[in-house]
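Counting from 5, one number per residue, gives the positions in the sequence shown under our numbering. Positions of the beta carbon are idealized from the N, C-alpha and C atoms, including for glycine.
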Amino acid sequence: MMKITHPIHGSYRLVGGDFANAGRASSELKSLLLSLGVSRSGAERAAVAAFEAEMNVIIHAAAGMLEYEINVGEINILANDMGPGIENIELAMQEGYSTAPDWVRDMGWGAGMGLSNMKKCSDRMRIDTVVGEGTTVEMKIYL
Ligand SMILES: Nc1ncnc2c1ncn2[C@@H]1O[C@H](COP(=O)(O)OP(=O)(O)OP(=O)(O)O)[C@@H](O)[C@H]1O
Ligand SMILES: [Mg+2]
5 MMKITHPIHG SYRLVGGDFA NAGRASSELK SLLLSLGVSR SGAERAAVAA
55 FEAEMNVIIH AAAGMLEYEI NVGEINILAN DMGPGIENIE LAMQEGYSTA
105 PDWVRDMGWG AGMGLSNMKK CSDRMRIDTV VGEGTTVEMK IYL
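This is how it looks when you write it as structure tokens:
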């Protein structure tokens with residue numbers, strides 16, 4: 005049972021290309037959820053969804069934010085960035101599709117699995133994007 009009596013918010017600033025801090029936001033979120041008594045599987049789904057959203061900002065955008073709100077039984081995660089936007093969401097959602105450059109692939113990222121992984125981990129997911137401006141991804145996960 006979750007040990008909260010009011011919503012818990014958090015937010016992280018994300019910087020494009022900042023691989024040194026990649027995964028920090030999502031791993032802190034996972035620890036927080038576990039400390040609140042969320043099941044391991046719920047905390048893991050939220051952490052993976054947040055991690056992929058965080059990585060997409062770091063890999064594809066100039067800068068952005070990862071925000072979350074935890075309520076009893078659910079978490080909402082919002083990733084918002086200033087970046088190139090997504091031209092074709094349906095294509096981007098396909099497993100294996102990636103526009104990541106070679107130097108990113110050489111670091112082990114860019115398999116084209118992030119968005120589909122986010123979809124699998126979340127109970128609801130919405131992408132809003134404007135080419136040349138940026139992308140917002142909202143996910144709801146029942147814990
Ligand atoms: N925030 C974003 N801004 C701009 N383009 C994005 C963003 N997120 C995803 N995309 C586009 O959608 C494609 C697929 O994203 P996805 O997360 O599935 O794979 P990836 O990031 O390329 O690789 P992986 O997530 O496996 O490391 C990306 O290659 C990119 O073209
Ligand atoms: Mg990705």
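Consult DSSP for residue i and reduce its assignment to one of helix, strand or coil.
i: L82; result: strand
i: E73; result: strand
i: D106; result: helix
i: S43; result: coil
i: G116; result: coil
Does residue i pass the burial test, meaning 16 or more other C-beta atoms within 10 Å, or should it be called exposed?
i: G77; result: exposed
i: A54; result: buried
i: S31; result: exposed
i: H13; result: exposed
i: T139; result: buried
If you measure from the CB of residue i, is any heavy atom of ligand 2 nearer than 7 Å?
i: E56; result: yes
i: G118; result: yes
The alpha helix (DSSP H) with residue i in it runs from where to where?
i: S39; result: 28-39
Any heavy atom of ligand 1 closer than 7 Å to the Cβ of residue i?
i: V61; result: yes
i: S43; result: no
i: Y101; result: yes
i: I81; result: no
i: H10; result: no
i: D110; result: no
i: I145; result: no
Taking the beta strand (DSSP E) that residue i falls in, what are its first and last residues?
i: M143; result: 138-146
i: I93; result: I93 -> not in any beta strand (DSSP E); alpha helix (DSSP H) instead, spanning 93-97.
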